[in-house]
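In short: position in the sequence shown from 1, add 147, done, that's my numbering.
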Amino acid sequence: QEGAVVTLSNGARLTARLVVAADSRLSATRDLLGIGADINRLGHSMLICRVRHERAHHQIAIEWFDHHQTIAILPLAEGMSSLLLTLRSNEAYRLLAFDDDLFLSELTKRCRGRLGKMTLASKRHTYPLVTTWAHKFRAPSAALIGDAAIGMHPVTAHGFNIGLSSQKQLARGIMTACRDGRNVGDPDMLHIYERRLRLSAAPLYHATNILVGLYSRDHLAARLARHLGLRFAQHVPLVRHGISAELQR
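Shown next as structure tokens:
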């Protein structure tokens, strides 16, 4: 019989022609489907908060890479910005434990005074960084989308777009199957979905991991590779424009 059967914790059974897993990078549904994944716990965490600040952000987002940290300033309304610091997890938890005054002093120093005097406009949160690449994006009568399929490192701010792309590509496949009178869990449709998502997402996923690796290591080879890579991208317009186009896709 075509389709899937889902048994809930209360014993109830649901049937469907297609099950779509979209339950995070540590997807329990993916595990139940017997699909493995490359899961990389990076040893880094994001420290996130909102701040009010005396200097205008002029609606400009800023991100820069420093030794053992990445800092992003994302403009919000009403004179606020969202600050995202990617740090080694022990360092992120150390800052999280600071009182507000000490934390803001440390934040100002790390942001090099770009925003002037700051006050907290939200609670502080930490988010451990884990990247995920599922070994398959489909199973019989099932598909993975979003972080259940691909969990990107946030450094390129592109993971959400890949998640939306996976949803869009699967929806197109379902619409095509319905138009042709086929089952929405049609194996050929799911195969095409998997292939297209893999081809579209793999280059950015692996390039991002290489970038993160270069900036999270401090030995001579990594420093040299960073310098040469930036110089190459700066002086070869085709590379620079290609990176820009990919990130704006």
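Every residue gets a Cβ at the ideal spot worked out from N, C-alpha and C, and that includes glycine.
Since residue i and residue j are thought to touch, with beta carbons under 8 angstroms apart, how far apart are those beta carbons, to the nearest angstrom?
i: G181; j: A286; result: 7 angstroms
i: S269; j: C196; result: 5 angstroms
i: S228; j: H205; result: Rounded, the Cβ-Cβ distance is 11 angstroms, inconsistent with contact.
i: R271; j: L243; result: 6 angstroms
i: S288; j: A151; result: 4 angstroms
Comparing alpha-carbon positions, which option in the options lies nearest residue i?
i: E201; options: L194, I292 and G263; result: G263
i: S192; options: M265, T255, G226 and T278; result: T278
i: V167; options: L254, G293, G328 and E225; result: G293
i: E149; options: R329, L251 and R177; result: R329
i: L173; options: M299, H272 and L249; result: M299
i: G360; options: R188, A175 and L254; result: R188
i: R319; options: V331, E253 and G190; result: V331
i: L337; options: I207, P275 and L317; result: L317
Measure the Cβ-Cβ separation of residue i and residue j and say whether it is below 9 angstroms.
i: V153; j: A169; result: no
i: A290; j: Y340; result: yes
i: T323; j: T355; result: no
i: L231; j: R257; result: no
i: E210; j: A219; result: yes
i: R199; j: T266; result: yes
i: I321; j: L165; result: yes
i: L179; j: A239; result: no
i: G190; j: S156; result: no
i: F307; j: L344; result: no
(message) Report the start-end ranges of each alpha helix (DSSP H) in the segment 171 to 213 that is 4 residues or longer and not cut off at the edges.
(response) Within the segment 171 to 213, the runs of alpha helix (DSSP H) that reach at least 4 residues and sit entirely inside it are, in chain order, 175 to 179.
(request) Run through the segment 239 to 270 for me and flag every whole beta strand (DSSP E) of 3 or more residues, listed as ranges in chain order. (result) 265 to 267
(message) Would you call the segment 346 to 361 in contact with the segment 307 to 324, where contact means no fewer than 3 C-beta pairs closer than 8 angstroms?
(response) The segment 346 to 361 is in contact with the segment 307 to 324.
(request) Ignoring anything shorter than 3 residues or poking outside the segment 256 to 335, list the beta strand (DSSP E) runs there in chain order. (result) 265 to 267, 272 to 281 and 289 to 291
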